[in-house]
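Just so we're aligned: the sequence shown equals residues 1 to 247 in full-length UniProt numbering.
All C-beta atoms, glycine included, are put in the ideal place defined by N, C-alpha and C.
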Amino acid sequence: MEVRDLRVDLGGRTVLHDVDLTVSGGEVVYLLGRNGAGKSTLLRSICGMVTPRSGSVFIGGTPVRSLGSPARRLGMHLGIETVHPGHTARRHLRWVAAAAGLPRSRVDDVLDITGVAAYGDRRIGGYSLGMRQRLGIATALLPDAHALVFDEPLNGLDVEGIVWFRSLLTELASRGRGVVVATHLLAEVQRSAGDSASPERPVARVVLVDRGTTSPAVGVSGFVGEHADLEAAYLAALGPAETGALA
């Protein structure tokens, strides 16, 4: 997937500007930044859910706005707030698959992959936060797409869930998928990301989103440089926080 010179205005305010991002198959790119920096808006723009004022987004070389159904070409996990609590996970995933024109057989596949199968016929309103996150991740896996985006997928996951998601990213990258993950969990990024591929860790880069624009993507070790760890490098790169930032 590729973002070129993107600018997004919302509510009369420029939320993103001069944004460039390229994600190749077989790598994971982590978006780091404060609340309100523009990470979620960038992901929604990649998914074709926000119309930019200028610039372009491409999925597999095709402009995202030209895709009849982006959900068939792009795996999306942009939050769990809109899931109907009265539906079961199986019903929800079947609805998403039907709306996107995806085969119904994928529903059972992703329920198994994410560990939700045992709870697939229970109402989502009774799920823990971690189980709802797994359901969101299952939704992103439905199209078996070559490009995927995840917005804060680790929130609410327990230790086993975090370890499982780490292995999922490694598997996706090993299969040539390009993945973007927005997260605040810097220690997990440093633990799970590698500058070169291995059976335990995918190739990964980090991008800093700050004041509506992006830094060049670099490897984790390159970003850390002479700092003690990723957290120290991140804080040094951002500098003092501005007051009045919008979420």
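How about the stretch 201 to 220 and the stretch 33 to 47: do they share at least three Cβ pairs that are nearer than 8 angstroms?
yes
Whose CA, out of D158, A228 and L157, lies closest to the CA of Q190?
The sequence position of residue 190 within the sequence shown is 190, counting from 1. Of the candidates D158, A228 and L157, the one whose C-alpha sits nearest the C-alpha of Q190 is A228.
To which residues does DSSP link F58 through a beta bridge?
If you number the sequence shown from 1, residue 58 lands on position 58. Its beta-bridge partners are E2 and P63.
I59 and R132: beta carbons closer than 8 angstroms?
Residue 59 sits at position 59 when you count from the first residue of the sequence shown. Residue 132 sits at position 132 when you count from the first residue of the sequence shown. In this structure, R132 does not lie closer than 8 angstroms to I59 by Cβ.
Is DSSP giving T41 helix, strand or coil here?
Working through the sequence shown from its first residue, we reach residue 41 at position 41. T41 falls in the helix class under three-state DSSP.
G130 by DSSP, collapsed to three states: which one?
Mapped onto the sequence shown, residue 130 falls at position 130. G130: helix per DSSP, three-state reduction.
Whose C-beta lies closer than 6 angstroms to the C-beta of G120 among residues of the same chain, with five residues either side of it excluded?
As a working mapping, residue 120 is identified with position 120 in the sequence shown. Correct list, in chain order: A89, R90 and L111.
Taking the alpha-carbon of P153 as reference, which of D20, V23, G225 and M76 has the nearest alpha-carbon?
The sequence position of residue 153 within the sequence shown is 153, counting from 1. The option with the nearest alpha carbon to P153 is M76.
Sort T183, G61, G178 and D9 by Cα distance to L157 and report the nearest one.
Indexing the sequence shown from 1 puts residue 157 at position 157. Of the listed residues, the one whose Cα sits closest to L157 is T183.
For S69 and E226, what's the separation of their Cα atoms in angstroms?
Locating residue 69 in the sequence shown gives position 69, where the first residue counts as 1. Locating residue 226 in the sequence shown gives position 226, where the first residue counts as 1. Approximately 45 angstroms between the Cα atoms of the pair.
How should M49 be labelled, buried or exposed, when 16 other C-beta atoms within 10 angstroms of its C-beta is the threshold for buried?
Counting from one through the sequence shown, the residue named residue 49 turns up at place 49. Flag for M49 reads exposed.
I think residue 261 touches R201, with their Cβ atoms under 8 angstroms apart; what is that distance to the nearest whole Å?
Any answer about residue 261 is impossible in this case: the structure gives the chain only from 1 up to 247.
Helix, strand or coil at G19 according to DSSP, with G and I counted as helix
On the sequence shown, position 19 is the one that residue 19 refers to. Note on residue identity: the sequence assigns Val, not Gly, to residue 19. Strand at V19.
Report buried or exposed for T114, applying the criterion of at least 16 other Cβ atoms within 10 angstroms of its Cβ.
The count along the sequence shown starts at 1 and reaches residue 114 at position 114. T114 comes out buried.
Beta-carbon proximity of R106 to D144, cut-off 8 angstroms:
Reading the sequence shown from its first residue, position 106 is the one you call residue 106. Reading the sequence shown from its first residue, position 144 is the one you call residue 144. Cβ distance < 8 angstroms, so R106 and D144 count as in contact.
If you drop the 5 nearest sequence neighbours on each side, which residues of the same chain put their C-beta closer than 8 angstroms to that of R7?
Counting from 1 along the sequence shown, the entry for residue 7 is found at position 7. Excluding sequence neighbours, R7 sits near T14, L16, H17, D18, V19, P52, R53, S54 and G55.
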